[in-house]
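Position 264 (the sequence shown) corresponds to 264 in the UniProt record's numbering; numbering is contiguous. Down below is the structure, laid out as C-alpha cells.
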Amino acid sequence: MFTDFGAPKVIGGEFNVLSIDVYKQIIGQQNMPMGATVSILLLIPAIISFIVTKKIEKNQNSYITSKSIPYKVKTNKLRDSILGGVVGIIAFGIIAVMLTVILSSLISVWPYDLRLTLEHFSMKNSIDGIKPFINSIKMSLLTAILGTSFVFLFAYLNEKTEKAPYLKSFGYFLSTLPMALPGLVLGIAYVLFFNKLEFNFMDTIYIKNLFNGLYGTLLIMVICNIVHFFSVAFITATTAIKKVDKELDMVAKSMGINSVSILKNVTIPLCLPAVLENFMYFFLNSMVTISALVFIYTASSKVAAISIVQLDDKGSTAQAAALAVLILVTNILVKVIYEFIKNRLEKRTNFN
C-alpha cells in the first residue's frame, strides 16, 4: 500500500503521497532526476520490510512431529456469530464497491438520469475507444504465456543446480528481489534504461543501446510485468518442483532418459497445477496493474487500467467504470476457467 498509485490518484484528491509526487515530477514537470530521487524514498521502506521478512522466515522452525494431531476448532455459537458478522461486514464492503462500479457503468447520468444503458461501454466519447482494453488483453496474454514459461524454466534450472550451491542461492536471491521493488521504481528504471539511444562513459566511450527499439512497444510492458510479478510466481514454481520426488529423476537417468524428456514428460505434468496458477496470476495482475506501466506506455500501447485513471481525470466517470467492469468480467472469466481446469486435473489425478 505504501507504493500504491491507482487508488491515491483517483480518490486521493489534494492529499499528496510519494507515489503521486513521483508521477507529478516525471509526467507533469518532466523532472526525471527529482522523480528518480523521490522513488528512492519509496524503495527504502520496501527493502527494509523485505529484509525483516527474510530474517523472520529464517528464524521460523517447524515443530510438527509424528505425535502431532490436527487442531480441531470447537463450536462456540457466540464466537462464531461475532466473527461471522465481522466477515459478513467485510464481504459486504467488497461487494458494495463492485456493485457501485457496475451500477455507475449502467446508469445514463448519475444522479440526474437513472435510466439503464449500455452506451458507456461503446466508449464513443473516448479518444482511444475500446483499444486500451484490447491492448490489455494482448499484454496480459503475452505476459502470462512468456512469464509462466520463463519462470518455470528458471525455477527448474535453479532447483537442479546442486553442484554450485552459491550460484543456486544467488539465483534465488535475484528471483525474490523484485518482491522488494515498487512498480513505480521499476517503471522509472525502464524509462532511464530503454529510452537512451546510447550510453556515455566519461565523455569518451559511447555504447549504442541495442534495446532502445523496445521503448514504446507492447513488448517492453510485457517484460516489465514479468519482472514485476516474477517473485511470487517463482516461489510457486519452486515449491511445486521441490514436491516432485527426486528418485524419479534418478530412475529416469538410470534408464538413459535425457533431462529434456524428464522435464517434458515428468516434471511439467506433475507441476501442471502450479503452472496454471502462475498463468492466472500473471494474467490477472497484468490486467489491473498501473504503477509499473504508467511511465512506459505510449498512445498506441495504452492499456485499460491507465485509461481508467485518465478518463476519471477528465470527468468521464461512467466510461471509466465501464472499462473497469470489462476488466472485472474478464478476470472473473479467467478465474472460472482456471478453477474448471484445476478441478478436472484434480479429479483425473485422484481417479488415477
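Ideal Cβ placement from N, Cα and C applies to all residues, glycine included. Quantities reported herein were computed from a predicted structural model and do not represent experimental measurements.
- Residues Cys224, Ser291, Ala292, Leu293, Val294, Phe295, Ile296 of the same chain have their beta carbon placed closer than 8 Å to that of Gly187, with the five preceding and five following residues left out of the count.
- Relative to the Cα of Val151, the nearest Cα in the group Lys302, Ile241, Leu83, Ile308 belongs to Ile241.
- Taken through DSSP and simplified to helix, strand or coil, Phe15 comes out as coil.
- For Met98 against Leu328, the beta-carbon gap comes to about 7 Å, under 8 Å, which counts as contact.
- With fewer than 16 other Cβ atoms inside 10 Å of its own Cβ, Ile40 counts as exposed.
- In this structure, the straight-line span from the alpha carbon of Ile26 to that of Val288 is close to 22 Å.
- Rounded to whole angstroms, the separation of the alpha carbons of Met32 and Lys163 is 44 Å.
- Between the C-alpha atoms of Met280 and Met123 there is a straight-line separation of about 27 Å.
- The count of Cβ pairs closer than 8 Å, one atom from the region 313-320 and one from the region 199-219, stays below three, leaving the stretches out of contact.
- The beta carbon of Val109 lies closer than 6 Å to none in the same chain, with the five residues before and after it left out.
- A straight-line Cα-Cα distance of about 9 Å links Ser126 and Ser307.
- Shortest Cα-Cα distance from Ala144 to any of Ile268, Tyr166, Val334, Lys347 involves Val334.
- CA-to-CA, the gap between Ile220 and Lys74 works out to about 53 Å.
- Checking the DSSP bridge columns, you'll see Asn200 partnered with Tyr206.
- Spatial neighbours of Leu210 in its own chain (CB-CB distance under 8 Å, excluding positions within 5 residues in sequence) are not present.
- Taking all protein chains in view, the Cβ of Thr239 is surrounded by fewer than 16 other Cβ atoms within 10 Å, so the residue is classified as exposed.
- Taking the CA atoms as reference points, Arg79 sits about 43 Å from Ile226.
- In this structure, the alpha-carbon of Ile341 lies about 14 Å from that of Pro269.
- Val22 sits away from Pro8, with the two beta carbons spaced by 8 Å or more.
- Rounded to whole angstroms, Ile134 and Leu218 show a C-alpha spacing of 12 Å.
- C-alpha of Val336 to C-alpha of Lys347: approximately 17 Å in a straight line.
- Contact annotation: Ala321 and Ser104 have beta-carbon atoms nearer than 8 Å.
- Ala237 is positioned such that its CB atom lies closer than 8 Å to that of Asn278.
- Short of 6 Å from the beta carbon of Ser136, and not among the five residues preceding or following it, lie these beta carbons of its own chain, in chain order: Met287, Val303, Ala304.
- 8 Å or more divides the Cβ of Pro182 from the Cβ of Ala299.
- DSSP places Asp113 inside the beta strand (DSSP E), whose first and last residues are 113-116.
- Counting only unbroken stretches of 4 or more residues, the alpha helix (DSSP H) elements lying wholly within the region 259-314 are 259-262, 272-288, 304-313, in sequence order.
- Per the coordinates, the alpha-carbon of Leu167 lies some 16 Å from the alpha-carbon of Leu153.
- Taking Tyr190 as reference, the option from Gly171, Leu114, Gly213, Asp128 with the minimal CA-CA separation is Gly213.
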